[in-house]
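Right, one structure below, let's go through it.
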Amino acid sequence: MHRASGLALMDGSGLPMEDPATSATNEAWLRAELNKFLTLGQGEFHSSIYYGYSISGLLDLYDFAQNPELKKLAQGLLDWFALNMALRLSWGTAGGAESRGFDRNTWDSGLTAVAWQWWGPNPVNHDAVKTSGKLTAADQERVNRMNKKHAWLALPAGLSSYRPPEILRAIAHKQIPLPFEAQISHPAYYSYSASNQLWETFYVTPDYSLGTLLEPSRSYQVQGTIRAQYATYKLVVPDPQGRQNSVINLGGTYHTPLATGRSPADQLVQKRGAVIFQSILNPEDLAAGVPPRSTLVLPEGLGEPQRYRDWYIWRINNIWLCARVWADQVEWQALSHENQPVVTSRDLQFAGLVATGEKIAMDQRYCGGIGLS
């Protein structure tokens with residue numbers, strides 16, 4: 420994260436370097452990173468926790484490097500990060516699949532603090548804010564609600580002369596033709612050669628965004644792995660008031676009761692607004708202690724689902740969320756997350772549609788564009 424800052428210091432300070440190879444090594448590493456991003460993708464993709472840290476050193480290199488080629492290198496990497504942020508940004512929440520993190524907040528994560536600095540919360544207010552230099556009362560309230568541990572990550576972006584290409588503003592605010600669907604592959608976390616290891620689908624409409632992540636292999640590792648930090652399913656439904664979006668997730672409970680992380684048997688397939696989830700435990704899964712339990716996790720305030728035949732149905736702002744479950748037992752219950760690594764700064768409470776059994780499947784569909792009275 421900080422190699423770029425070191426390179427900026429070596430190139431821009433004018434101080435003598437006793438070991439010129441250090442500068443060359445750092446530059447070569449950054450060029451390898453850019454090549455990897457543009458060909459294989461990023462192992463630590465779309466992290467709501469770490470993207471703010473990832474760009475801070477690059478901003479230093481962009482601002483302080485004397486060598487134009489280093490400045491151009493920093494700009495290429497920053498543009499890549501900015502594009503990925505804008506693509507999945509969902510009304511103030513880091514939407515879609517994540518490799519490290521699970522953003523449930525609205526304008527209150529490391530990634531969205533940077534996005535706020537670059538693109539602002541409300542495109543309608545953008546010109547007025549630039550003219551007056553003042554935020555609207557509603558926007559000021561959102562700033563005040565940001566957790567300081569996230570908000571400070573916007574400072575390097577705010578102090579830097581770098582700004583993303585202006586076209587990304589419309590993408591970030593979803594002021595483009597909708598819906599659209601993106602399908603993206605990602606490499607293994609550390610690899611510069613093992614491409615196409617994870618498959619992401621991201622779909623966004625004016626009423627919601629939905630992202631899933633598929634990894635075909637199984638892993639029972641719980642220490643020294645980022646699988647516990649994957650967000651493999653995320654549905655974001657915007658709050659019309661812009662205060663707290665509804666964020667829903669689904670998965671096995673190998674890592675947490677809130678179904679974050681990637682449980683070994685989880686398999687998902689997505690086409691636009693429809694998802695089929697499957698968890699079939701084999702003897703190795705059971706021997707490793709994989710719980711025969713998968714959960715659709717929702718904010719508790721959405722309430723219990725309506726029932727229609729075999730379907731569980733919620734109305735969330737302007738959409739219907741419909742789920743059909745095949746399992747030995749299905750139960751709606753409050754979920755405890757005490758002492759669990761929940762990536763949120765809000766005192767959120769959760770409930771879930773809990774499916775129990777060694778063979779579980781769930782069909783989910785979303786209908787948007789409802790006429791509200």
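Residue numbers (the numbering used here): 420 to 792. Even for Gly, the Cβ is constructed at its ideal location relative to N, Cα and C. Here the structure is a predicted model, which is why all the values come from computation and not from measurement.
Residue ranges of uninterrupted beta strand (DSSP E) with 3 or more members, entirely inside the segment 640-678 and ordered along the chain, are 652-656 and 665-671. Exclusion of the five residues before and after D658 leaves W510, T525, N664, S665 and N736 as the residues of its chain whose Cβ lies within less than 8 Å of its Cβ. DSSP places L428 within a helical segment (H, G or I) once states are collapsed to three. Using a Cβ-Cβ distance cut-off of 8 Å, the segment 712-719 and the segment 672-681 are in contact, since at least three pairs of beta carbons, one from each stretch, lie closer than that value. Within the same chain, V623 come within 7 Å of F599 by CB-CB distance, once the 5 residues on both sides are set aside.
The alpha-carbon separation between I590 and Q689 amounts to approximately 22 Å.
Three or more Cβ pairs closer than 8 Å define a contact, and the segment 476-486 falls short of that threshold against the segment 636-652.
Taking a cut-off of 8 Å for Cβ pairs, the segment 681-699 and the segment 773-780 touch, as three or more such pairs fall below it. Straight across, the Cα-Cα distance linking L497 with S442 is about 20 Å. For V533, same chain residues with a beta-carbon under 8 Å away, outside a window of 5 residues either side, are Y470, G471, I474, M504, L572, A573 and A576 in chain order. In the DSSP assignment, E619 forms a beta bridge with I603 and L632. DSSP, read as helix, strand or coil, puts D747 in coil. The Cβ atoms of S518 and S467 lie no closer than 7 Å to each other.
Sequence-distant Cβ neighbours of K490 in its own chain, meaning closer than 8 Å and more than five residues away, are L480, Y481 and A484. Out of L669, R523 and L554, the CA that lies nearest to the CA of Q768 is found in R523. Membership of G471 in the alpha helix (DSSP H) is indicated by the continuous run Y470 to F483.
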